[in-house]
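Just so we're aligned: 100 in this note's numbering is position 100 of the sequence shown, and the numbers increase by one with no gaps anywhere.
The C-beta atom is built at its ideal place from N, Cα and C for all residues, glycine as well.
Take a look at the structure set out below.
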Amino acid sequence: MPIHNTSNNDSMGETKIIQRFAEVGYQIHPDAVAMIEEYGAPDELIQNILASLNGSVLVVKPEHIKSRLPQPTYDVKVLSDTAPSTCVGNYEEFVGYFRDRYAKLSEILRGRISARPIESINLMERGREDVTVMGMVSTIRDTSSGHRLMELEDPTGTIPILFPNHKDVFDLSHRIFLDEVIGITGTLTNDGLLIANRIVWPDIPLKKNKQSKPKRNGEACYAVLISDTHVGSKTFLEDAWHQFIKWLNAAIGDDNQKALAKHVKYLIIAGDLVDGIGVYPNQEKELAISDIYEQYRAAATLLREVPPHIKIIISPGNHDAVRQAEPQPPLPKEITSTFPPNTTFVGNPSLVELNGALILIYHGRSLDDLIAALPGASYREPEKAMVEMLKRRHLAPTYGGKTTIIPGGTDHLIIDPVPDVLHCGHIHTVGISKYRGVTLVNSGTWQSQTEFQKSINLEPVPGRASLLDLNTMETSILKFYT
Ligand SMILES: [Fe+2]
Numbered sequence: 001m002p003i004h005n006t007s008n009n010d011s012m013g014e015t016k017i018i019q020r021f022a023e024v025g026y027q028i029h030p031d032a033v034a035m036i037e038e039y040g041a042p043d044e045l046i047q048n049i050l051a052s053l054n055g056s057v058l059v060v061k062p063e064h065i066k067s068r069l070p071q072p073t074y075d076v077k078v079l080s081d082t083a084p085s086t087c088v089g090n091y092e093e094f095v096g097y098f099r100d101r102y103a104k105l106s107e108i109l110r111g112r113i114s115a116r117p118i119e120s121i122n123l124m125e126r127g128r129e130d131v132t133v134m135g136m137v138s139t140i141r142d143t144s145s146g147h148r149l150m151e152l153e154d155p156t157g158t159i160p161i162l163f164p165n166h167k168d169v170f171d172l173s174h175r176i177f178l179d180e181v182i183g184i185t186g187t188l189t190n191d192g193l194l195i196a197n198r199i200v201w202p203d204i205p206l207k208k209n210k211q212s213k214p215k216r217n218g219e220a221c222y223a224v225l226i227s228d229t230h231v232g233s234k235t236f237l238e239d240a241w242h243q244f245i246k247w248l249n250a251a252i253g254d255d256n257q258k259a260l261a262k263h264v265k266y267l268i269i270a271g272d273l274v275d276g277i278g279v280y281p282n283q284e285k286e287l288a289i290s291d292i293y294e295q296y297r298a299a300a301t302l303l304r305e306v307p308p309h310i311k312i313i314i315s316p317g318n319h320d321a322v323r324q325a326e327p328q329p330p331l332p333k334e335i336t337s338t339f340p341p342n343t344t345f346v347g348n349p350s351l352v353e354l355n356g357a358l359i360l361i362y363h364g365r366s367l368d369d370l371i372a373a374l375p376g377a378s379y380r381e382p383e384k385a386m387v388e389m390l391k392r393r394h395l396a397p398t399y400g401g402k403t404t405i406i407p408g409g410t411d412h413l414i415i416d417p418v419p420d421v422l423h424c425g426h427i428h429t430v431g432i433s434k435y436r437g438v439t440l441v442n443s444g445t446w447q448s449q450t451e452f453q454k455s456i457n458l459e460p461v462p463g464r465a466s467l468l469d470l471n472t473m474e475t476s477i478l479k480f481y482t
């Protein structure tokens with residue numbers, strides 16, 4: 001995912017800001033320094049602040065400079081999105097897609113391990129220890145003797161890798177997915193088999209994301225994250241939705257809740273805005289609105305009640321009227337034209353910058369595949385499967401399964417840059433977590449249990465909205481349905 005460079009090169013840096021204030025006899029509080037730095041510390045701004053002080057304070061604090069800072073605009077900056085694809089799914093496109101996936105993920109892995117090309121391993125002296133390779137997992141299976149055998153492929157060749165069942169790495173090997181790019185360190189046998197000692201995933205860095213710059217201008221700023229509204233379904237929870245809208249308009253709740261609502265600047269909907277048609281067998285029996293365009297018109301009517309100063313961001317899901325294969329483009333013009341003007345339509349996945357924070361929005365179709373494949377994973381804890389996406393730096397590590405991917409030349413599902421927040425939906429349960437400084441939110445649904453969900457034993461968590469503080473990236477869950 002390409003990203004514009006959002007950092008400001010004109011920054012004078014902390015020391016210079018402190019110096020400029022000291023020169024005219026002021027001390028400055030570190031929070032105030034940080035606020036000035038966030039605006040790139042232009043001379044004009046500093047002079048303006050100094051002129052406003054009039055010698056009235058000794059230590060310059062945030063409250064002294066707040067009114068002099070440029071007023072935030074709360075734009076939606078779309079950093080990466082999905083263009084309509086011209087892909088036809090031929091052999092060359094598949095090869096190009098996997099080459100791109102390998103190139104990007106191996107580049108990330110190179111920051112963690114130093115691997116040799118597989119071709120050179122095959123020519124190496126046998127019996128060597130600590131041999132490191134990296135590649136894409138082309139096969140993985142249990143052997144008849146109870147071990148696990150994998151084949152790893154890089155552009156130079158393939159190598160068989162064994163995870164012996166008496167080693168710790170054996171359990172971990174059950175978390176390896178087909179088509180993901182990983183590193184292995186092990187011992188080379190005389191037969192050219194690599195006995196694994198260690199598995200390395202691309203993962204995200206331990207250190208804080210440098211590309212994001214959440215603005216701390218002293219103003220509270222919230223985004224509300226929801227998904228899977230399923231408008232048009234008989235099970236759409238209209239009453240709960242209206243309670244939610246009332247709260248957004250600061251018309252219900254205690255003083256604190258009303259105050260929070262007044263600071264909501266964004267509403268993000270991570271797919272399945274409507275229930276769609278023909279998505280699963282006998283769906284028509286569960287529809288209150290059987291025409292897809294009518295479903296979107298109803299959704300547009302509901303969203304017109306969101307206060308117009310709140311920017312609405314909508315990305316599609318597998319129930320929406322765009323192609324099912326990912327990445328999905330934004331909803332088409334014939335649908336979006338009926339929505340209020342404060343709405344931005346983005347693809348699935350998409351990366352947006354809100355108040356300086358990077359939010360990666362992905363509906364989450366691959367969660368079905370991840371939960372099915374991961375030992376101990378469950379629909380009740382979507383956030384645990386979302387962590388696995390970050391570890392793999394990929395939103396849909398396994399090609400195929402329930403997640404269909406368009407094999408264009410670029411892999412749009414790679415997680416790069418590392419976002420501040422990963423927002424998913426799809427599985428209709430709520431989960432919030434943090435992993436290495438990244439906030440993970442799965443935002444539930446606005447639909448009660450459907451017959452189909454009953455048949456697959458899926459217990460949804462409806463009528464919840466996740467309130468994300470865009471200054472701290474902390475999240476809380478608001479309940480509009482019990
Ligand atoms: Fe859904």
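Given residue i, which residues of its chain have a CB within under 7 Å of its CB, disregarding the five upstream and five downstream residues?
{"i": "G463", "result": "L237, A240, W446, K479, F480, Y481"}
{"i": "D411", "result": "Y97, D100, R101, K104"}
{"i": "D191", "result": "none"}
{"i": "G157", "result": "I118, E119, N122"}
{"i": "I425", "result": "Note that residue 425 corresponds to Gly in the displayed sequence, not to Ile. S227, D228, A270, G271, D272, G317, H363, G364, N442, S443."}
{"i": "G89", "result": "P407"}
{"i": "L470", "result": "P214, C221, Y222, A223, L354, N355, A357"}
If I measure Cβ to Cβ from residue i and keep anything under 8 Å in the same chain, skipping five residues before and after, which residues do I get?
{"i": "F170", "result": "H147, R148, F163, P164"}
{"i": "S11", "result": "In this predicted model, S11 has a pLDDT of only 48, less than 50, meaning its place in the structure is not dependable enough to derive any value."}
{"i": "L390", "result": "D203, I204, I415, V418, L422, Y435, R436, V438, L440"}
Going by DSSP, what residue range makes up the alpha helix (DSSP H) through residue i?
{"i": "M35", "result": "30-38"}
{"i": "G135", "result": "Per DSSP, G135 belongs to no alpha helix (DSSP H); it is in the beta strand (DSSP E), 131-142."}
{"i": "D168", "result": "168-173"}
{"i": "K384", "result": "382-392"}
{"i": "S535", "result": "Residue 535 is absent from the structure shown; the chain starts at 1 and stops at 482."}
{"i": "K104", "result": "91-110"}
{"i": "L485", "result": "Because the chain spans 1 through 482 in this model, residue 485 falls outside it and cannot be assessed."}
{"i": "Y293", "result": "292-303"}
Checking the sheet assignment: what are the DSSP bridge partners for residue i?
{"i": "C424", "result": "N442"}
{"i": "P160", "result": "E151"}
{"i": "R198", "result": "T185"}
{"i": "P330", "result": "Answer by DSSP bridge pairing: none, since P330 is not bridged."}
{"i": "Q27", "result": "V59"}
{"i": "F236", "result": "Q447"}
{"i": "G431", "result": "N442"}
{"i": "E353", "result": "K77, L358"}
{"i": "D254", "result": "Paired residues: none, contrary to the question."}
{"i": "R464", "result": "K479"}
{"i": "L248", "result": "Answer by DSSP bridge pairing: none, since L248 is not bridged."}
{"i": "N348", "result": "Q328"}
{"i": "I414", "result": "H394"}
Measure how close the beta-carbons of residue i and residue j come, nearest whole angstrom, since I'm counting them as under 8 Å.
{"i": "L367", "j": "I427", "result": "5 Å"}
{"i": "H394", "j": "S315", "result": "With 8 Å as the limit, H394 and S315 do not qualify as a contact, their Cβ atoms being about 18 Å apart."}
{"i": "R126", "j": "T189", "result": "7 Å"}
{"i": "L374", "j": "R68", "result": "At roughly 51 Å, the Cβ-Cβ gap does not stay under 8 Å, so L374 and R68 are not in contact."}
{"i": "L468", "j": "L225", "result": "6 Å"}
Between residue i and the rest of its own chain, which residues show a CB-CB distance below 6 Å, the 5 nearest in sequence each way excluded?
{"i": "Y266", "result": "A223, K311, L354"}
{"i": "S7", "result": "With a pLDDT of only 40 at S7, under 50, the local geometry of the prediction cannot be trusted, and the value read off the model is given with reservation. Hits under 6 Å: none found."}
{"i": "T398", "result": "F177, L178, D179, D369"}
{"i": "E93", "result": "C87, P407"}
{"i": "A321", "result": "I292"}
{"i": "S138", "result": "E151, E153"}
{"i": "K258", "result": "A250"}
{"i": "L109", "result": "M134, G183, P202"}
Could you spell out where the beta strand (DSSP E) holding residue i opens and where it closes?
{"i": "V181", "result": "181-188"}
{"i": "T344", "result": "343-345"}
{"i": "L478", "result": "475-479"}
{"i": "I361", "result": "357-361"}
{"i": "A223", "result": "222-226"}
Is there contact here, the stretch 120-133 with the stretch 178-194, by at least three beta-carbon pairs under 8 Å? yes
Between the stretch 370-389 and the stretch 420-433, can you find at least three pairs of beta-carbon atoms closer than 8 Å? yes
Touch test, the stretch 299-318 against the stretch 328-345, Cβ-Cβ under 8 Å, three pairs minimum: yes
Determine, using beta-carbon pairs with one atom in the stretch 397-405 and one in the stretch 318-331, whether at least three such pairs fall under 8 Å. Contact between the stretch 397-405 and the stretch 318-331 is present: three or more C-beta pairs spanning the two stretches fall below 8 Å.
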